[in-house]
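Read through the structure below, which is laid out as structure tokens, and then see the notes.
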Amino acid sequence: MKKVVLAYSGGLDTSFCLKYLKNEKQLEVHTILINTGGFDNEELDAIEKRAYELGSTQHINLDIIDHYYEKAIRFLVFGNVLKNNTYPLSVSAERVFQAIETVKYAKKIGASAIAHGSTGAGNDQIRFDLIFQTIAPQLEIITPIRDLKLSRQEEVDYLQKNGVEYSWEKAQYSINKGIWGTSVGGKETLTSNLSLPESAYPSQLQKTEPEKITLHFKKGEIIGLNDVFDKPTAIITQLEKLAGAYAIGRDTHVGDTIIGIKGRVGFEAAAPLIILKAHHLLEKHTLGKWQQYWKEQLGNWYGMLFHEGQFLDPVMRNIETFLEDTQKNVTGIVTVTLKPYHFSLDGIESEHDLMNSKFGQYGEINNAWTADDAKGFIKILGNAQSIYSQVNSIDYD
């Protein structure tokens with residue numbers, strides 16, 4: 155019997171694929187859940203049980219959270235990556251690593267095919283297929299939902315027809331959880347004007363009294379929360395729990411998909427948004443003007459290529475080298491106030507703070523230059539535009 159590995163999440167799409175490949179294609183289906191965060195042990199056990207109930211020959215849960223941080227998240231922080239100034243690549247980044255690990259597992263067990271549950275109208279199909287065809291061109295790619303052009307209702311109907319209880323109410327919202335945020339898709343995100351209901355978000359408002367917290371960074375990486383130090387993934391998880399109680403990090407991303415149509419998705423990403431904004435504030439104090447400028451350009455490119463599944467392009471390693479080099483002095487503490495549905499950045503402390511009063515205080519005192527120095531600087535600075543104006547008799551009225 156032909157052996158296929160299915161990238162399995164326990165959701166509607168991959169549950170349908172598992173049942174369909176087993177029943178209709180008579181394939182030996184092996185399932186793998188690549189955990190990039192967002193699942194507790196109880197949920198992982200339930201997903202494994204479900205996979206076997208649906209017909210998986212063998213199922214494994216593979217934890218790659220620390221590897222995912224090391225290879226992806228820290229560079230997204232270094233680059234302050236927010237797609238369209240909004241979205242912290244909550245799902246798009248993790249898909250690349252889920253695809254890579256799926257291929258590794260397929261090779262390990264001698265499978266001749268790999269499968270995923272993406273539709274033909276989204277970005278994930280491209281992210282998966284690009285990785286598959288790059289590192290395992292010999293493996294067949296099977297995509298039942300894309301090939302059959304199924305709606306979510308049709309997937310539910312098929313499962314129910316084959317004796318699998320699946321609630322249509324549960325299927326109305328597609329939720330993908332990860333350490334770098336949770337995406338939420340539903341009927342509202344298929345429109346341009348409707349917002350997701352409160353109940354669609356996994357985290358609900360629990361705390362209303364403002365709370366100050368401190369984030370500790372070392373060379374651009376988050377290493378501590380409120381004077382408690384741990385590995386970055388543990389800090390991110392703890393911050394998500396703390397800030398999620400305020401329902402922080404909700405938004406809707408609107409962008410141009412890889413296939414050329416506009417797309418809209420809701421998400422909640424309390425820890426990622428707080429970390430990115432706090433890190434950016436620390437950089438404003440510790441980096442020079444041109445460092446910040448070129449970081450913004452390359453960080454934006456890096457995020458765009460990553461979002462569009464181009465992670466294996468060699469230019470990504472070049473950009474990562476630049477981004478990491480810029481972080482040498484991005485060390486310090488950032489104070490943040492958590493509030494219902496939002497947060498504020500209060501300030502930073504760093505031995506590398508370039509806002510140093512020894513040289514001057516903006517709008518107040520100049521310590522490192524004289525009044526004549528300032529006048530001469532301004533005169534030279536204005537030479538080019540002054541010459542242009544006079545030579546061409548420009549009338550600015």
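For the sequence shown, the numbering used here assigns the number 551 to the last residue and increments by one with no breaks. A virtual CB, placed ideally from N, CA and C, is assigned to each residue, including glycine.
Assumed close pair residue i, residue j - CB separation to whole angstroms, cut-off 8 Å
{"i": "I389", "j": "I402", "result": "About 16 Å; that fails the 8 Å criterion."}
{"i": "E478", "j": "F232", "result": "6 Å"}
{"i": "G378", "j": "V484", "result": "14 Å between Cβ atoms; not a contact."}
{"i": "T368", "j": "D381", "result": "7 Å"}
{"i": "E422", "j": "T336", "result": "5 Å"}
{"i": "K261", "j": "G209", "result": "Wrong, their Cβ atoms sit about 23 Å apart, outside the cutoff."}
{"i": "F286", "j": "S272", "result": "That belief does not hold up - the Cβ atoms of F286 and S272 are roughly 11 Å apart, past 8 Å."}
{"i": "T406", "j": "T345", "result": "The Cβ separation is near 11 Å, so there is no contact."}
{"i": "I263", "j": "K157", "result": "7 Å"}
{"i": "Y259", "j": "V408", "result": "No, Y259 and V408 are not in contact; Cβ-Cβ is about 35 Å, not under 8 Å."}
{"i": "W334", "j": "I227", "result": "6 Å"}
Identity of the residues DSSP links to residue i by a beta bridge
{"i": "R306", "result": "In DSSP, R306 forms no bridge with anything."}
{"i": "I472", "result": "A small correction: the amino acid at residue 472 is Asn; Ile does not occupy that position in the sequence shown. In DSSP, N472 forms no bridge with anything."}
{"i": "T336", "result": "K331 and E422"}
{"i": "S498", "result": "T491"}
{"i": "H370", "result": "G378 and I487"}
{"i": "I295", "result": "I268"}
{"i": "D217", "result": "N189"}
{"i": "F383", "result": "G378"}
{"i": "Y241", "result": "K237"}
Residue i, enclosing alpha helix (DSSP H) - first and last residue
{"i": "K173", "result": "L166 to N177"}
{"i": "E363", "result": "That residue, E363, is in no alpha helix (DSSP H); it is neither H nor E in DSSP."}
{"i": "Q326", "result": "Note, Q326: premise wrong, no alpha helix (DSSP H); not H, not E."}
{"i": "L230", "result": "R228 to F232"}
{"i": "F286", "result": "D278 to I289"}
{"i": "L236", "result": "Element bounds for L236: n/a, residue is neither H nor E."}
{"i": "H184", "result": "Run containing H184: none in the alpha helix (DSSP H); it sits in the beta strand (DSSP E), E182 to N189."}
{"i": "Y259", "result": "S246 to I263"}
{"i": "I413", "result": "First-last for I413: undefined, no H or E at that position."}
Residue i in three-state terms, based on DSSP
{"i": "Q544", "result": "helix"}
{"i": "L344", "result": "helix"}
{"i": "K529", "result": "helix"}
{"i": "F465", "result": "coil"}
{"i": "E352", "result": "helix"}
{"i": "Q212", "result": "strand"}
{"i": "F193", "result": "coil"}
{"i": "E503", "result": "strand"}
{"i": "N537", "result": "helix"}
{"i": "K482", "result": "coil"}
{"i": "E319", "result": "coil"}
{"i": "L430", "result": "helix"}
{"i": "Y123", "result": "Residue 123 lies beyond the residue range present for the chain, which begins at 155 and ends at 551; the question has no answer from this structure."}
{"i": "T273", "result": "coil"}
{"i": "G398", "result": "helix"}
{"i": "L393", "result": "helix"}
{"i": "G442", "result": "coil"}
{"i": "D551", "result": "coil"}
{"i": "M509", "result": "coil"}
Residue span of the beta strand (DSSP E) that contains residue i, given as start and end
{"i": "D410", "result": "R404 to D410"}
{"i": "A267", "result": "A267 to A269"}
{"i": "A161", "result": "K157 to A161"}
{"i": "E422", "result": "K416 to E422"}
Review point. Can we say the region 490-499 touches the region 312-319, given the rule of at least three CB pairs closer than 8 Å?
Key: Three or more Cβ pairs closer than 8 Å define a contact, and the region 490-499 falls short of that threshold against the region 312-319.
Review point. Within the chosen definition, does the region 417-428 reach the region 231-242 through at least 3 CB pairs nearer than 8 Å?
Key: yes
Review point. Are three or more beta carbon pairs between the region 204-220 and the region 458-471 nearer than 8 Å?
Key: Counting Cβ pairs under 8 Å, fewer than three are found: no touch.
Review point. Is it a yes or a no for the region 409-422 touching the region 439-449, going by three-plus beta-carbon pairs under 8 Å?
Key: no
**Study point:** At least three beta-carbon pairs within less than 8 Å, the region 258-268 to the region 284-301
**Key:** Yes, the region 258-268 is in contact with the region 284-301.
Practice item. Inspect the CB distances between the region 250-266 and the region 191-210 and report whether three or more fall short of 8 Å. Key: The region 250-266 vs the region 191-210: no contact.
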